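Chains A and B, in that order, are what the protein sequence lines are. If you count the first sequence from 1, position 82 lands on 82 in this note's numbering, and the numbers rise without skipping. If you want this note's numbering, it's the position in the second sequence, counting the first as 1, plus 304. One structure below.
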Amino acid sequence: MSIRDQKRALFGSRWLAKAITGVFVCLASAWAGEAPNFITYTHQMEEPGNLEIDTKGVIAKPAGGNRFLGSAMEFEYGTTGWWTTEFYLDGQATASDSTVFTGFRLENRFRVLPREHWINPVLYVEFEDINAADKSLLEVVGHDGNDDFLGSNAEARQEKEREIETKLILGSYVKGWTIAENFIVEKNLRHEPWEFGYAVAASRPLALRAKPDRCTFCAENFQAGVEMYGGLGTHKDFGLTDTSQYVAPTIAWQLPNGPLFRFSPGFGVTAQSLPMLFRFSVSYEVAQAGRAIREMFAGDKGRR
Amino acid sequence: MTRGLLFFAALAIAASLAALGRPAGDLLQRVPPAAAKRRNPFAGSEPDRRAGAKLFRQECAACHGRDAKGIGKAPPLTNPLVRQADPGKLFWILQNGSLRRGMPSFSHLPDEERWQIVTYLKSL
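What follows is the structure in structure tokens.
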């Protein structure tokens with residue numbers, strides 16, 4: 001490498017380092033303050049202009065199959081106070097098999113009532129373009145179960161799943177408790193039946209009153225709860241027969257400088273369910289992302 | 305033609321000024337009387353004011369600025385309208401927000417933490 005090339009490379013790496021530093025300096029974090037649930041949505045919307053980046057994982061071993069790690073990278077943006085939009089990229093890795101990208105999801109949530117009520121409804125619409133190898137387990141519907149995780153990735157990837165999923169989300173805050181119920185309807189755009197599912201959750205911060213000083217391990221930074229979710233069959237055979245059902249304690253820890261960690265061990269309670277699931281997530285919320293990026297590229301001019 | 309344009313320009317300026325002056329006052333007027341009567345259990349408590357300042361930095365500063373002087377559409381919270389407002393009104397606004405104007409609801413915060421933020425806002 002010539003001296004000129006070395007200089008150019010050095011200049012390039014410095015520029016990259018500056019850009020990365022700039023991102024972390026300029027993009028102020030915001031507190032997500034989210035419930036610790038993985039499956040159940042509450043009626044809390046993303047704050048307008050904020051961007052949350054969340055990586056969710058689930059580790060499980062189906063009976064008679066190989067252990068897998070399913071993951072979803074989520075970008076959630078508060079378009080307005082009543083409209084939140086999200087984009088997901090899904091993938092998975094299965095032991096003794098392969099690591100594959102399994103598709104994307106685009107979802108929108110709309111808050112129906114402008115003020116807080118005893119029960120607050122939110123409408124949810126999602127388009128999924130994934131394949132049958134997807135193991136992110138972001139919802140359980142119909143007769144989803146252990147057998148869906150036994151095929152090889154090569155076979156499962158051949159089967160496309162283009163689906164529309166809708167949810168009615170109901171949420172309440174009662175004396176520090178967050179309570180949420182989701183009713184799920186999913187339809188594969190091919191000729192497959194309507195599938196139903198549900199998720200319910202309750203959670204609470206470990207302390208309701210904040211301490212005066214910034215702290216990492218104080219109780220107000222932790223939330224704990226439990227969620228339950230599962231399939232409800234299809235429009236031809238609605239009910240709990242041959243469905244998967246899970247119960248999962250949940251815990252979330254919000255660090256003072258922004259990142260939110262969540263963990264949840266889930267227990268399958270029917271023969272169709274996976275015996276056990278370990279879910280984890282790390283998320284970071286960028287406050288006023290659009291404005292911060294504009295300022296970052298505009299330098300001093302953008303801040304004025 | 306020119307008169308018409310001037311009229312519309314004046315109307316637009318008046319509307320913008322009205323919108324600028326609106327945020328705190330207009331929202332405060334929409335609070336139901338029963339909600340306005342609620343009393344702040346932490347009024348005058350220094351630890352709770354400091355806790356409120358911490359919560360303000362976490363939850364509100366991104367839009368209203370660390371100094372609460374407002375950024376862009378987010379109004380300043382240092383103006384006398386906020387300082388003189390009934391604590392119950394501020395609490396109600398934090399709980400319900402104003403989704404149409406981009407002010408989110410902070411109902412996910414426990415009541416205690418919202419009162420702590422109110423305690424801080426009243427001290428600005």
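In this text, a Cβ means the ideal position worked out from N, Cα and C, and glycines have one as well. All figures in this text were calculated on a predicted structure; none of them were measured in a lab.
Annotated as proximal: Lys167 of chain A and Asn182 of chain A, with beta-carbon spacing under 7 Å. Straight-line measurement puts the Cα of Ser96 of chain A at about 28 Å from the Cα of Ile39 of chain A. Gly176 of chain A places its beta carbon less than 7 Å from that of Arg204 of chain A. Looking from the CA of Lys211 of chain A, the closest CA among B:Ser349, B:Leu381, B:Arg404, B:Gln388 belongs to B:Ser349. Here the alpha carbons of Ile130 of chain A and Phe104 of chain A stand approximately 6 Å from one another. Annotation for Asn66 of chain A: no beta strand (DSSP E) segment contains it, and DSSP assigns it neither H nor E.
By the CB criterion at 7 Å, Phe278 of chain A and Pro265 of chain A fall inside the cutoff. Measuring C-alpha to C-alpha distances from Gln245 of chain A to each of A:Glu192, A:Val226, A:Ala271, A:Ala252 identifies A:Ala271 as the nearest. The DSSP-derived three-state label of Arg162 of chain A is strand. Collapsing the DSSP output to three states places Val335 of chain B in coil. Of the candidates A:Arg291, A:Phe297, A:Met296, A:Glu295, the residue whose Cα lies closest to the Cα of Pro48 of chain A is A:Arg291. Among the CB atoms of chain A, none fall inside 7 Å of the CB of Ala340 of chain B.
Contact annotation: the segment 136-154 of chain A does not touch the segment 76-85 of chain A, with fewer than three C-beta pairs closer than 8 Å. DSSP links Gly392 of chain B through a beta bridge to no other residue.
For Arg343 of chain B, there is no enclosing alpha helix (DSSP H), since its DSSP letter is neither H nor E.
The C-alpha of Leu274 of chain A lies about 7 Å from the C-alpha of Lys61 of chain A. Straight-line spacing of the CA atoms in Val174 of chain A and Ala347 of chain B works out to 23 Å.
Between Asn120 of chain A and His43 of chain A, the gap from beta carbon to beta carbon is short of 7 Å. In chain order, Thr84, Arg111 place their CB closer than 6 Å to the CB of Met45 of chain A, counting only its own chain and leaving out the 5 sequence neighbours on each side. Annotation: Glu74 of chain A to Lys341 of chain B spans about 42 Å, alpha carbon to alpha carbon.
Ranked by Cα distance from Pro114 of chain A, the first of B:Ser427, B:Lys426, B:Gly401 is B:Gly401. Taking 7 Å as the cut-off, the Cβ atoms of Val100 of chain A and Ala133 of chain A count as close. In this structure, DSSP gives Leu170 of chain A an extended state, which the three-state scheme calls strand.
Near chain B, meaning a CB-to-CB distance below 9 Å, the residues of the segment 220-234 of chain A are Glu220. The DSSP assignment places 99-111, 120-131 as complete runs of the beta strand (DSSP E) inside the segment 86-171 of chain A, in order along the chain (cut-off: 3 residues). Non-local C-beta neighbours of Cys218 of chain A in its own chain, meaning closer than 8 Å and more than five positions away in sequence, comprise Ala207, Lys211, ordered along the chain.
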